[in-house]
Structure formats: C-alpha cells, structure tokens
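Colleague: Okay, handing you the structure first.
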Amino acid sequence: MANKLNPRQHIAVHYIDGPCLVLAGAGSGKTSVITRKIAYLIQQCDMPARHIAAVTFTNKAAREMKERVSKLVNGAAARGLTVSTFHNLGLNIIRRELKHLGYKSGFTIFDAEDAGSLLKEIMLKDGDMDTDLVQSVQNQISNWKSGLVEPQQALEHAQSSGEQTWALIYERYNKALRAYNAVDFDDLIRLPSQLFATNAEALGRWQQRIRYLLVDEYQDTNSSQYQLVKQLIGDRGALTVVGDDDQSIYAWRGARPENLSLLKEDFPTLEVIKLEQNYRSTARILKVANELIAHNPHDFDKTLWSDLGMGEPLRLLRCSTEDAESERVATEIITQRLRRQCKFRDFAVLYRGNHQSRLLELKLQHHQIPYNISGGTSFFARAEIKDVMGYLRLLVNPTDDNAFLRIINTPRRHIGTGTLEALAHYATDREVSLLAACDEVGLQTVLPKKGLERLREFSLWLSRVRDNCHNNEPVAAIREMVEDIDYEGWLYQNTSSPTVAEKRMDNVWTLIDSIRNSLEKHEDETASNEERVNQAVSRLMLQDLLDRQEEEDVTDRVQLMTLHASKGLEFPHVYLIGMEEELLPHRNSIEENNIEEERRLTYVGITRAQKTLTMSLAATRKQFGEKVDTLASRFLAELPDEDIEREGFAPVSKEQLEKKGAETFSSIKKLFD
DNA sequence: AATCCTGGAGTTTTT
DNA sequence: CTCCAGGATT
C-alpha cells in the first residue's frame with residue numbers, strides 16, 4: 227500500500243517523541259502503519275536500519291512485513307533491519323550472549339514433543355507420577371515460564387502437595403534442559419529477559435543495538451514478552467506498539483490482552499492513536515461486528531467505520547442437520563461463484579473446531595470444488611522432516627538425547643530396546659549424553675558385544691559426518707549423510723505407495739535446500755563452518771525458513787480454516803458455520819465463563835468478510851454419536867435484526883430443505899452442461 | 001517387530 | 001461416532 231495515509235495513520239507514523247500505542251481495528255491498515263513508520267525512521271529521521279527492530283508473532287507476518295518494507299526503502303538503506311518474531315529475536319540474543327547464559331554453542335531448541343518426552347521421563351523417574359498428566363504439567367510449566375515465575379517461586383506459592391510436586395518437576399525439567407544444552411520455546415524469551423534483569427552490561431549492549439522497537443499484535447504478548455520489551459526500551463520511550471484488544475483470541479495460551487492497558491501505566495507519556503477507518507468490509511458488516519463486540523467491556527472504545535458503502539445484508543441460514551449445513555455451503559459456493567463471477571479463492575469457510583472441516587471436505591469433494599485447508603500437520607511435524615532434523619540436531623549438539631533416540635533406529639540399525647535401556651542406564655549414572663556414552667570403555671561390561679559394536683559404529687560414523695561437515699562444504703556433507711543412511715530407500719520401504727515416498731523425499735530435499743539458502747543468506751565470513759551450521763540448524767528449529775512451503779498452494783481454492791487461523795486474513799465472501807451454543811461459544815469456554823474471548827473470536831470471523839457474510843447453524847447435530855437438538859448461539863441474539871436475513875427459522879421439514887438443495891444443484895448442473 | 005484390541009476422550013495453536 | 005494411545009497378542 228503505497229497510497230496515502232489517512233490523518234490518524236499519518237500521526238501514528240510520524241509520532242516519534244515518545245511511546246506510542248496504535249489501537250488498530252480490524253482492516254484499518256496496521257501493517258501499513260508499521261512498515262511506513264520503519265521507512266520514515268530510516269529515510270526522514272536518519273536512523274540506521276540496524277538500530278530498528280520490528281517484532282511480530284509469526285514467521286509469516288515477519289516475512290510479509292519485510293517484503294513491504296523493502297518496497298518502501300531501497301535495499302542498501304534497509305540493510306541490517308531486524309524484522310522477526312519474538313522467538314527469533316530471543317534466539318539471536320541467546321546466541322550472542324551464550325557465555326553469559328551458561329550455554330554452549332550448538333544448543334538445541336526443544337519443540338513441544340521433545341519437551342513432552344523429557345518431562346515424561348522426569349515424571350517417571352523422579353516422581354513416579356501418572357504420565358497422563360504430562361500434558362497438564364507441560365502446560366503449567368509453559369504458563370509459569372511465560373508468566374515469569376521461576377521454579378523457586380512456584381514452589382513457594384504452592385498451595386498443596388500436588389502443586390509442590392509440579393513445581394519440583396519444573397525445577398528438574400529446567401536443569402535437564404541445561405544438561406542437554408537445550409532450551410524450549412518459552413526459554414527463547416525467558417532467558418534473554420532473565421539475563422537483562424541481572425546483567426546491566428548485556429542489557430546495555432542490546433539497548434545500544436535496538437534504538438527503536440515496533441511490536442505488532444501487541445494484545446497477543448505474554449508477560450515475559452512484555453518484560454523483554456520494557457527492558458529493551460528502558461526509559462527512552464522509543465517504542466510503537468500496534469494492537470487490538472478486540473482481536474485477542476490467544477489468552478488460553480498465555481497472551482495477556484491487558485498488556486495494552488498496562489502500557490498506559492508503565493509509560494505515562496504514552497500517546498494513544500486509534501485507527502477506526504476500515505478499508506476491508508462493507509459498512510453493514512462493520513455495523514454488525516461493532517454491535518457484537520460492544521457486549522464486551524472495554525478499556526478503549528473503538529467503532530469501526532468504512533466508506534465502502536452499506537453492502538448486502540448478512541445472512542443467517544438455519545439448516546436441519548450438520549450434513550445439510552455443509553451441503554448448503556457447498557452448493558452456495560457453486561451458485562455464488564457463478565452469480566458473482568468470482569473465483570473459488572474468494573470464498574472462505576470458517577469454523578470453531580478442526581473437526582468441523584471433515585463433513586465440509588466431503589461435500590466439497592463431492593461437488594468437485596477445489597479447497598485448501600490450513601492447519602493439520604505442518605511441514606515441520608512431518609516424520610521425515612523430524613527424522614532428518616534429528617540427524618542435524620545430533621550433529622550440532624551431541625548431548626541432544628531426544629534426537630539420538632529419534633534416529634538411532636531410523637533407518638534400522640538393529641539396536642534393540644534392551645541395548646538402549648542399558649545404554650540409557652549407563653549414561654544416566656555417569657551423567658553423560660547417550661552419544662558420549664557409546665564411546666566409553668566401561669560400557670562393554672554392561673552390554674552384549676553385538677549391541678556395543680553397533681553403537682560404536684554409529685558414533686564413529688556420526689563423528690566422521692561431523693568432521694566432513696566442518697571441514698568441507700556443509701551442504702554437500704549433509705547430502706552425503708542422507709545418502710549414506712539410504713534414507714530414501716528406507717522411505718520407499720516404509721511407505722504405503724511409491725508416490726508418497728517420493729513426495730516425502732522431496733520434502734527432505736527441500737529441507738536441505740533451505741539449509742543451503744540459510745547458509746548463503748547469512749554469510750558470515752568470520753564464523754567457522756561449525757558455527758554457521760549451528761546457526762542454520764537453530765533457525766530451522768524455529769521453522770523459520772520452512773513454512774513458506776505451505777503457502778505455495780494459493781491457487782484458486784476455497785479456503786477452509788478455524789477462526790483462530792483466519793486472524794489477519796480477509797476474503798470477499800465468508801461463511802461462518804456452526805453458530806450454536808456449545809460450539810461458538812465453545813462448551814469449555816462456557817464452563818470456564820470465558821465468553822468474552824469467544825465473542826472476540828466471532829468478531830474476528832465477522833471482520834474477515836469484505837463483501838458478504840453468511841452465518842449458518844444446524845438445528846440438530848450428532849454429538850459423540852447421538853443426535854442432539856442444538857441451540858442458536860447467544861451471539862446471534864446480540865446482532866441487529868435489521869441487517870440480517872434469516873432463513874430456515876420457520877419450521878421447515880428436512881424433505882423440503884433437501885428438495886431445495888437439489889433444485890439449486892440441478893439448475894447449476896445445467897449451466898455446466 | 002507388526003498387528004489387533006480395548007478404552008477413553010472428544011477446543012483453539014505458534015514458536 | 002472416530003481417533004488415539006497403550007497393552008496384549010501373534
């Protein structure tokens with residue numbers, strides 16, 4: 227958007243005299259404000275780009291922002307600009323301050339799965355606890371970490387012996403991470419913030435480096451992220467944050483929307499600028515959205531408006547069953563596409579829970595409507611990627627036992643559970659890593675010859691790969707490694723069809739290719755091969771360079787996604803399905819009395835629509851096998867009647883509805899024939 | 001090691 | 001109902 231800024235946007239971009247909060251409603255051009263402000267700082271304020279940092283929550287947002295900045299500022303001037311996720315910024319800080327943090331080069335970043343298995347191990351060994359609780363303990367630890375609670379404090383505040391046990395596990399977990407030279411995702415924020423609290427010199431270095439900070443989606447920050455922001459800013463006030471309290475939908479994973487209000491207290495000179503002009507939706511859609519969200523309490527009042535015209539009324543379809551609902555949406559898309567002369571990609575179907583997509587998929591397939599589901603298994607969660615990453619992680623960090631266990635028998639090396647258990651036992655006793663234990667002399671006393679031989683062979687092989695990687699061309703060494711283990715052959719053997727195996731192998735090459743990219747892009751003459759590979763792998767562990775992969779199917783397809791996944795996106799025609807009590811608002815949220823967040827979720831859904839919005843519900847729905855009568859969502863009652871056309875609210879028999887569906891469909895079929 | 005059976009649960013998700 | 005994990009069975 228190189229177009230003109232509106233007056234409010236203009237103020238937001240040019241205000242640099244102090245901390246600045248931009249309350250940016252949905253579709254009000256917040257990304258423009260951030261990118262234009264970066265350009266303004268560089269071009270008009272002569273601030274070197276390397277002293278500016280912009281922080282977002284997702285890699286995708288960061289990428290998009292980088293692109294938009296580079297269109298505004300010429301490449302040379304933008305050199306050194308930091309646009310990254312919170313986690314990536316944290317990673318960079320940790321990397322630079324390794325020695326002050328007591329970590330060694332080549333540390334590992336544990337993902338949720340790794341962290342979970344580590345916890346499980348701890349709970350089995352030290353606590354003799356029910357492993358069903360692993361998930362809950364993991365959540366609790368994440369909450370503690372993002373809420374800046376140290377194990378010590380957790381222990382002190384424990385109200386029961388149960389809580390005490392959890393706090394102790396938390397402590398052991400942190401110690402174990404250090405032993406593995408590993409950090410988890412929360413540590414990427416927590417450790418820098420901890421360092422800055424205790425080490426004024428380090429803080430000074432980074433305050434020197436970052437002289438202006440911009441934060442996107444501020445309502446999604448958690449306590450430790452806010453802490454980090456405050457530390458970096460100090461008393462200089464060189465801060466712009468952009469956010470929308472009405473779009474806070476991640477409180478359940480630690481986000482603190484009240485961080486927006488806290489800004490006013492922590493920065494008394496805070497300048498608050500509201501962006502209320504919406505460039506996305508019709509006035510009618512905004513009117514409905516405004517009415518809905520007005521039912522939530524507000525610290526900041528905000529009313530979206532647009533000059534895109536009133537637009538069509540919204541529609542609300544009440545179908546007999548969830549089957550009829552999906553069928554209706556599918557046939558609607560066919561008719562509307564023809565009537566409005568638009569593309570499949572102009573339609574999005576939004577829903578509360580992933581399971582709601584299943585029926586929809588069936589119906590869309592049946593009508594041969596191309597669609598795309600966002601979510602599901604990400605590129606990074608794929609087994610083949612985790613396997614190869616396991617090798618890379620072990621290459622970079624020999625103490626990474628999780629990686630060791632993942633790959634020791636992938637492909638098969640005929641090392642049985644008995645051998646591994648003995649190895650693990652030995653390693654725990656000596657307090658060395660599994661890989662290191664393989665080479666210890668004492669091991670032969672506890673292991674059969676064959677098992678020992680195989681372990682030694684593996685260890686020797688890996689150190690050869692490591693040497694090769696450090697002394698020669700790293701990417702070639704990694705390719706050789708993958709060929710050496712005949713991963714391809716293993717894939718073909720262990721996959722149902724050759725085409726699937728081929729695709730998986732493609733993914734592996736993509737992964738290796740992105741390492742090549744990463745090494746080229748971050749060419750650091752001073753760093754050794756080892757250091758460069760370490761850095762590339764740790765970036766990969768944040769799936770930084772990889773998730774663009776998923777975007778390449780932005781062809782002409784209907785978009786299916788959860789309400790959560792839809793945040794930040796927009797579509798000409800939106801279907802919001804399942805507008806029922808217990809679904810939206812979700813049953814659990816009703817129980818937890820968390821209606822406000824559900825209302826915001828609905829608000830996010832409504833404000834995705836540019837031209838038309840159609841909501842739907844089913845009168846009955848199968849729940850865990852049995853048919854249940856549903857209740858219309860309470861949110862529907864909060865919307866203005868005069869802007870919504872209702873259909874299916876007079877008693878309509880199932881036969882009639884089906885007939886209607888069939889009629890629409892056959893009339894369309896004629897058009898095709 | 002691979003497969004079958006049983007029981008329990010059943011939101012949202014990024015890094 | 002449908003999916004998963006984990007145990008039991010082959």
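Just add 226 to wherever you are in the first sequence, counting from 1, and you've got my numbering. Virtual Cβ for every residue (Gly too), placed ideally from N, Cα, C. This structure is a prediction, so every number in the text was calculated from the model and none was measured.
Can you look up Q503 in the DSSP assignment and give me helix, strand or coil?
Modeller: As a working mapping, residue 503 is identified with position 277 in the first sequence. Strand.
Colleague: DSSP on C545, reduced to helix/strand/coil?
Modeller: By one-based count along the first sequence, residue 545 stands at place 319. Strand, per DSSP.
Colleague: Can you list, in chain order, the residues of its chain whose CB lies under 7 Å from that of S372, leaving out five sequence neighbours each side?
Modeller: As a first step, residue 372 is located in the first sequence; it is residue number 146 there, counting from the start. If you ignore the 5 residues before and after S372, its C-beta comes within less than 7 Å of the C-beta of D412, N448, S449, S450, G480, all in its own chain and listed in chain order.
Colleague: What first and last residue would you give for the beta strand (DSSP E) that runs through E873?
Modeller: The residue you call residue 873 lines up with position 647 of the first sequence. 870-873 is the extent of the beta strand (DSSP E) around E873.
Colleague: Rank M615, P377, G388 by C-alpha distance to the C-alpha of R398 and give the top, closest one.
Modeller: To locate residue 398, count along the first sequence from 1; it is residue 172. It is P377.
Colleague: Could you tell me the distance, in whole angstroms, from the CA atom of L429 to the CA atom of A279?
Modeller: On the first sequence, residue 429 is found 203 positions in, with the first residue counted as 1. On the first sequence, residue 279 is found 53 positions in, with the first residue counted as 1. Approximately 15 Å, taken between the alpha carbons.
Colleague: Comparing C-alpha positions only, which one of E714, P624, N229, G255 sits nearest to K500?
Modeller: As a position in the first sequence, residue 500 is number 274, starting the count at 1. Cα-wise, what sits closest to K500 is G255.
Colleague: Give the secondary structure of H812 by DSSP, where H, G and I count as helix, E and B as strand, and everything else as coil.
Modeller: Reading the first sequence from its first residue, position 586 is the one you call residue 812. In the three-state scheme derived from DSSP, where H, G and I count as helix and E and B as strand, H812 is classed as strand.
Colleague: Any heavy atom of the ligand ATP inside 7 Å of the beta-carbon of K589?
Modeller: No copy of the ligand ATP appears in this structure; indeed no ligand is present at all.
Colleague: My guess is that G869 and R510 are in contact by the Cβ rule of under 8 Å, so how many angstroms apart are they, rounded?
Modeller: Against the first sequence, residue 869 aligns to sequence position 643. Against the first sequence, residue 510 aligns to sequence position 284. The sequence shown places Asp at residue 869, not Gly. Sure, about 5 Å apart at Cβ, within 8 Å.
Colleague: Identify whether A428 lies in helix, strand or coil by the three-state DSSP scheme.
Modeller: Working through the first sequence from its first residue, we reach residue 428 at position 202. A428: helix per DSSP, three-state reduction.
Colleague: Could you give the residue range of the beta strand (DSSP E) that holds E852?
Modeller: Locating residue 852 in the first sequence gives position 626, where the first residue counts as 1. Run containing E852: 852-855, per the beta strand (DSSP E) assignment.
Colleague: Determine the DSSP secondary structure at T334, reduced to helix, strand or coil.
Modeller: By 1-based counting over the first sequence, the position of residue 334 is 108. In this structure, T334 counts as strand in the three-state DSSP scheme.
Colleague: I think Q445 touches D470, with their Cβ atoms under 8 Å apart; what is that distance to the nearest whole Å?
Modeller: Indexing the first sequence from 1 puts residue 445 at position 219. Indexing the first sequence from 1 puts residue 470 at position 244. About 6 Å separates the two Cβ atoms, so the contact holds.
Colleague: Please identify the residue among L789, E796, R656 whose C-alpha is closest to the C-alpha of R578.
Modeller: The sequence position of residue 578 within the first sequence is 352, counting from 1. The shortest C-alpha separation from R578 is found at L789.
Colleague: Quick check: the Cα distance between D739 and V701, rounded to an integer number of angstroms?
Modeller: Locating residue 739 in the first sequence gives position 513, counting from the first residue. Locating residue 701 in the first sequence gives position 475, counting from the first residue. Cα to Cα, D739 sits roughly 8 Å from V701.
Colleague: Can you tell which of L649, R705, I704, D693 has its C-alpha closest to the C-alpha of R680?
Modeller: Taking the first residue of the first sequence as 1, we reach residue 680 at position 454. Of the candidates L649, R705, I704, D693, the one whose C-alpha sits nearest the C-alpha of R680 is L649.
Colleague: Let me know the secondary structure DSSP gives K230 once reduced to three states.
Modeller: Here residue 230 corresponds to residue number 4 of the first sequence, with the count starting at 1. DSSP places K230 in coil when its eight states are reduced to three.
Colleague: Evaluate contact between the segment 617-627 and the segment 394-409, counting only Cβ atoms and requiring at least three cross-stretch pairs below 8 Å.
Modeller: yes
Colleague: Please confirm whether I260 and V468 have their CB atoms less than 8 Å apart.
Modeller: Position 34 of the first sequence, counted from the first residue, corresponds to residue 260. Position 242 of the first sequence, counted from the first residue, corresponds to residue 468. Contact flag set, yes.
Colleague: Taking the alpha-carbon positions, what's the E823 to L247 distance?
Modeller: The residue labelled residue 823 in the question sits at position 597 within the first sequence. The residue labelled residue 247 in the question sits at position 21 within the first sequence. Using only the alpha carbons, I get a separation of about 22 Å.
Colleague: By how many angstroms is the C-alpha of V575 removed from the C-alpha of F283?
Modeller: Locating residue 283 in the first sequence gives position 57, counting from the first residue. Locating residue 575 in the first sequence gives position 349, counting from the first residue. Their backbone Cα atoms lie some 24 Å apart in a straight line.
Colleague: Along the chain, where does the alpha helix (DSSP H) that runs through M291 open and close?
Modeller: In the first sequence, counting from the first residue as 1, residue 291 sits at position 65. Here the alpha helix (DSSP H) through M291 covers 285-298.
Colleague: Within its chain, find whatever has a CB closer than 7 Å to the CB of A380; leave out the 5 residues flanking it on each side and keep chain order.
Modeller: Mapped onto the first sequence, residue 380 falls at position 154. The residues are W370, A393, Y396.
Colleague: Within a Cβ cutoff of 8 Å, which residues of the same chain sit near K569, ignoring the five residues on either side of it in sequence?
Modeller: Taking the first sequence and counting its residues from 1, the one referred to as residue 569 is at position 343. Here the set comprises R563, D782.
Colleague: Give me whichever residues DSSP pairs with T846 in a beta bridge.
Modeller: The residue given as residue 846 occupies position 620 in the first sequence. DSSP output for T846 lists T547, D855 as bridge partner(s).
Colleague: Out of S362, D527, A515, which has the shortest C-alpha to C-alpha gap to S171?
Modeller: The shown model of the chain, from 227 to 899, leaves out residue 171, and the question about it has no answer.
Colleague: If you run the structure through DSSP and keep just helix, strand and coil, what is M841?
Modeller: What you label residue 841 is simply residue 615 of the first sequence in a count that begins at 1. Three-state DSSP puts M841 in a strand.
Colleague: According to DSSP, what are the bridge partners of M787?
Modeller: As a position in the first sequence, residue 787 is number 561, starting the count at 1. Looking at the DSSP output, M787 bridges to L576.
Colleague: State the DSSP-derived secondary structure class of D410, mapped to helix, strand or coil.
Modeller: Residue numbering aside, residue 410 sits at position 184 when the first sequence is read from its first letter. DSSP places D410 in strand when its eight states are reduced to three.
Colleague: So, are the CB atoms of N698 and G332 less than 8 Å apart?
Modeller: Here residue 698 is taken as the residue at index 472 of the first sequence, counted from 1. Here residue 332 is taken as the residue at index 106 of the first sequence, counted from 1. No, they are not a contact pair.
Colleague: Give the secondary structure of H748 by DSSP, where H, G and I count as helix, E and B as strand, and everything else as coil.
Modeller: For the purposes of this step, residue 748 is taken as the residue at position 522 of the first sequence. DSSP places H748 in coil when its eight states are reduced to three.
Colleague: Does the beta-carbon of A753 have 16 or more other beta-carbons within 10 angstroms, so that it is buried, or is it exposed?
Modeller: As a position in the first sequence, residue 753 is number 527, starting the count at 1. Label assigned to A753: exposed.
Colleague: Does the Cβ-Cβ distance between R431 and A464 come in under 8 Å?
Modeller: Numbered from its first residue, the first sequence carries residue 431 at position 205. Numbered from its first residue, the first sequence carries residue 464 at position 238. In terms of Cβ geometry, R431 and A464 do not form a close pair [threshold 8 Å].
Colleague: If I'm right that T833 touches A520 with Cβ under 8 Å, what's the distance once you round it to whole angstroms?
Modeller: Here residue 833 corresponds to residue number 607 of the first sequence, with the count starting at 1. Here residue 520 corresponds to residue number 294 of the first sequence, with the count starting at 1. So it is not a contact: roughly 14 Å between Cβ atoms.
Colleague: Quick one, are the C-beta atoms of L345 and V363 less than 8 Å apart?
Modeller: If you number the first sequence from 1, residue 345 lands on position 119. If you number the first sequence from 1, residue 363 lands on position 137. In this structure, V363 lies closer than 8 Å to L345 by Cβ.
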